[in-house]
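All remarks here apply to the structure that follows.
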Amino acid sequence: MARLIRTARTALPFFSRCASKTLVNAVERHPNPPLRNAISASLFHSRHYASEAFSQSPMEANILRIIRNEVEYQSEYAPPQQSSECTLHLSMLVDITKGDDSKDLEFLCSAWPDRLEVQKVYVLERDRMPAKPYMGPDFRSLNGRIQQRFSEYLEARGVNDELSVFLHQYMMNKDRIELIKWLGKVKSFVEK
Numbered sequence: 118m119a120r121l122i123r124t125a126r127t128a129l130p131f132f133s134r135c136a137s138k139t140l141v142n143a144v145e146r147h148p149n150p151p152l153r154n155a156i157s158a159s160l161f162h163s164r165h166y167a168s169e170a171f172s173q174s175p176m177e178a179n180i181l182r183i184i185r186n187e188v189e190y191q192s193e194y195a196p197p198q199q200s201s202e203c204t205l206h207l208s209m210l211v212d213i214t215k216g217d218d219s220k221d222l223e224f225l226c227s228a229w230p231d232r233l234e235v236q237k238v239y240v241l242e243r244d245r246m247p248a249k250p251y252m253g254p255d256f257r258s259l260n261g262r263i264q265q266r267f268s269e270y271l272e273a274r275g276v277n278d279e280l281s282v283f284l285h286q287y288m289m290n291k292d293r294i295e296l297i298k299w300l301g302k303v304k305s306f307v308e309k
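Going by my numbering, the sequence shown opens with residue 118, and the numbers climb by one from there.
Laid out in structure tokens, this is it:
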């Protein structure tokens, strides 16, 4: 800052009377081009980090080392999250459409760690509103054969117990996977 003030004072004798806008205008109109360029360079210096080659500071190197170690640990050595005593389920909506402008079927399901349960079945219009005010009975109160047919209908479309098992395994490790991706992004940012 002192260098900046000294340069401006020596180059512009009327500096003490100038406001900041006037200083900029005076620099632009200075009669001596080499001196004008030197003043501009010292007053309006900017640094382009991406285009300049510079060595890493010890702090950046330390951050990168810590991030690399954490990524390695999370990727290879961290045990997967173990489930607790209580059994949790995932709620999910399965929408099946025919492709034309007909109604849709929407299944409200509970994905347990080992099985998939259908709770409700809705018939929806294209605007996602129920076709009629009556939403339908509780799925578990339906006849066993009807329940079986709906289950087969969903299984034919890949919505089954295997999907439920996969969803639970994925959700158990979701936080760890997202942490590893985030650490990778931070590492690449610091390395640039």
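Idealized CB from N, CA, C, for every residue including glycine. None of these values were measured; they are calculated from a predicted model.
Extent of the continuous alpha helix (DSSP H) to which E177 belongs:
It spans P175 to E189 - the alpha helix (DSSP H) in which E177 sits, taken as one unbroken run.
Please report how far the alpha carbon of N186 lies from the alpha carbon of F283, in whole angstroms.
Those two C-alpha atoms are separated by around 29 Å.
Is G253 closer than 8 Å to K237 when the C-beta atoms are compared?
Yes, they are a contact pair.
Coil, strand or helix - K215 by DSSP:
Of the three classes helix, strand and coil, the one that applies to K215 here is coil, per DSSP.
Quick check on S168: buried or exposed, where buried means 16 or more other Cβ atoms within 10 Å of its Cβ?
Bear in mind that a pLDDT of 48 at S168, under 50, signals an unreliable position, so the number given afterwards is only what the model happens to contain. Exposed, since its Cβ has fewer than 16 Cβ neighbours within 10 Å.
Report back the beta-carbon spacing between L233 and D278 to the nearest angstrom; my notes put them in contact at under 8 Å.
At roughly 6 Å, the Cβ-Cβ gap stays under 8 Å, so L233 and D278 are in contact.
Compare the C-alpha of E223 against each of N260, F256, S192 and T204 and name the closest.
Selected option, being the one with the closest Cα: F256.
Taking the alpha helix (DSSP H) that E272 falls in, what are its first and last residues?
Per DSSP, the continuous alpha helix (DSSP H) segment holding E272 begins and ends at G261 to E272.
Out of N260, Q191 and S281, which one is the CA nearest neighbour of N290?
Selected option, being the one with the closest Cα: Q191.
Grab me the residues of L210's own chain with a C-beta within less than 8 Å of its C-beta, minus the 5 sequence neighbours each way, in chain order.
Excluding residues within five positions, the ones whose Cβ falls inside 8 Å are E223, F224, L225 and C226.
Just to confirm, is the Cβ distance from D218 to L241 under 8 Å?
The answer is no: Cβ separation not under 8 Å.
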